[in-house]
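These notes are about the structure you will find just below.
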Amino acid sequence: MEEQDQLAGRILVVDDEKPVGQVLQQWLTRKGFHVRYAPGFGAVQQAFAEEEFDLVTLDIMMPEVDGLQVLRWIKEHCPDVGVIMATALGDLDSVLEAMRLGAINYLIKPFNMELIAAELERGMERQRLIAENRSYQQELERKGEARTAELREAHGRLERQLSELEGRDELVRFQMQIHTLEEAYVEILRVVQQVLGVEQAVLYRPAAEGEMLEGVAVIPEARADGTAPLPIVEEAHPVVRAFVSGEPVAWEGGEVAVPMAYHEEVLGVLQVRCPSAVEVSPEEFLEILRRLSGEAALVLRGAVVAEELESGAFSLDELEEID
């Protein structure tokens, strides 16, 4: 039984509202997790003294000792434990402070149980990667000069996975505030460059008229004298094929175009050149880029909605109908 608990993952649910905390505890237990409930700070301290946890769901608004103070204590005493904050809609300032203190994400109350399960699975994957990364680091230190190519390759793969998760988390946090489309373009390319180390990338969006796609942001940036203008591509170009088909398209020179799709709607295309110096297979590179493009589509969708709301082209009634 102990081994099964470790495999499923250990979660501490912290909420001063006992009915809410116990319902969440029971539901997550049925999902296969080992779950313990703590109604406040004292119970949290006792729980950590008695056992280890992979993740904590932590209510921000609690009497006596609030969630941010509890988060500080957890990060001081158990820095590797992942903490997901729970908050009521509208408490954005506290959420941002929690992220700054080391929380990995947040959940909105009242809870959507299926979204909670998905977020906790993602959190568990993050914790697993962190634990494996530490294990490989210790193994490399033990072996010293005898470290093997296999261990280095595995460690590099874990480093890339962690970098990808951090990049995707940054895009999630970016969506928590209102941004213009131009700011969204810059942030998407910044994260892609940070995670994949690309030196050249273009973000394409549909042109105002016709069936062309136009570049709206590039790496490296266009020069002020206009000698490196933003590109425009037409029907025969691989970027357009990726936009129309909704599937990645690769071609010579290590170039690949990946669509950014929100549900069935393709909002744009990322074209990047796979850097030759990076020790990553083309297949792994493409999979990472596809996952980043999925998060990028949510960033684009949020910026589009914000601009349409500001211009009056999008009503609040329509906003309520968005999935």
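Take any residue in the sequence shown, note its place counting from 1, add 26, and you have its number in this note's numbering.
The C-beta atom is built at its ideal place from N, Cα and C for all residues, glycine as well.
- Scanning the region 92-167 for uninterrupted alpha helix (DSSP H) segments of 4 residues or longer gives 93-103 and 118-127, listed from N- to C-terminal end.
- The beta carbons of Met139 and Ala114 sit about 17 Å from each other, so the pair does not count as a contact at 8 Å.
- Excluding its 5 nearest sequence neighbours in each direction, Glu78 has C-beta neighbours in its own chain below 7 Å: Arg36, listed in chain order.
- If you draw a straight line from the Cα of Met238 to the Cα of Ile130, it comes to about 39 Å.
- Pro105 and Glu278 have their C-alpha atoms some 45 Å from each other.
- For a cut-off of 8 Å, the C-beta gap from Gly272 to Pro285 is around 5 Å, short enough to register as a contact.
- Rounded to whole angstroms, the separation of the alpha carbons of Tyr132 and His103 is 21 Å.
- Burial check for Ala262: the Cβ neighbour count within 10 Å stays below 16, so the residue is exposed.
- Non-local beta-carbon contacts of Tyr230 in its own chain, meaning distances under 6 Å to residues more than five positions away in sequence, involve Leu239, Gly241, Val265, Gly294 and Val295 in chain order.
- Within the model, the alpha-carbon separation for Glu321 versus Ala287 is close to 9 Å.
- Within its own chain, the residues whose Cβ lies closer than 6 Å to the Cβ of Gln219, once the five positions on either side in sequence are excluded, are Ile245, listed in chain order.
- Out of Val306, Leu326, Pro257 and Ile258, the CA that lies nearest to the CA of His289 is found in Leu326.
- The three-state reading of DSSP puts Thr206 in coil, since its state is none of H, G, I, E or B.
- In this structure, the CA atom of Leu141 is about 11 Å from the CA atom of Lys135.
- Comparing C-alpha distances from Ala64 to each of Val46, Trp53 and Arg56 shows the shortest one belongs to Val46.
- His289 is bridged by DSSP to nothing; it lacks a bridge partner.
- Here Val61 is not near Val82, since their CB atoms are 8 Å or more apart.
- For Val331, the uninterrupted alpha helix (DSSP H) run begins and ends at Pro308 to Ser337, by DSSP.
- By the criterion of a C-beta distance shorter than 6 Å, Glu192 is surrounded by no residue of its chain, once the five residues flanking it on both sides are discounted.
- Val228 is positioned such that its CB atom lies no closer than 8 Å to that of Ser189.
- In this structure, the CA atom of Glu313 is about 10 Å from the CA atom of Ser307.
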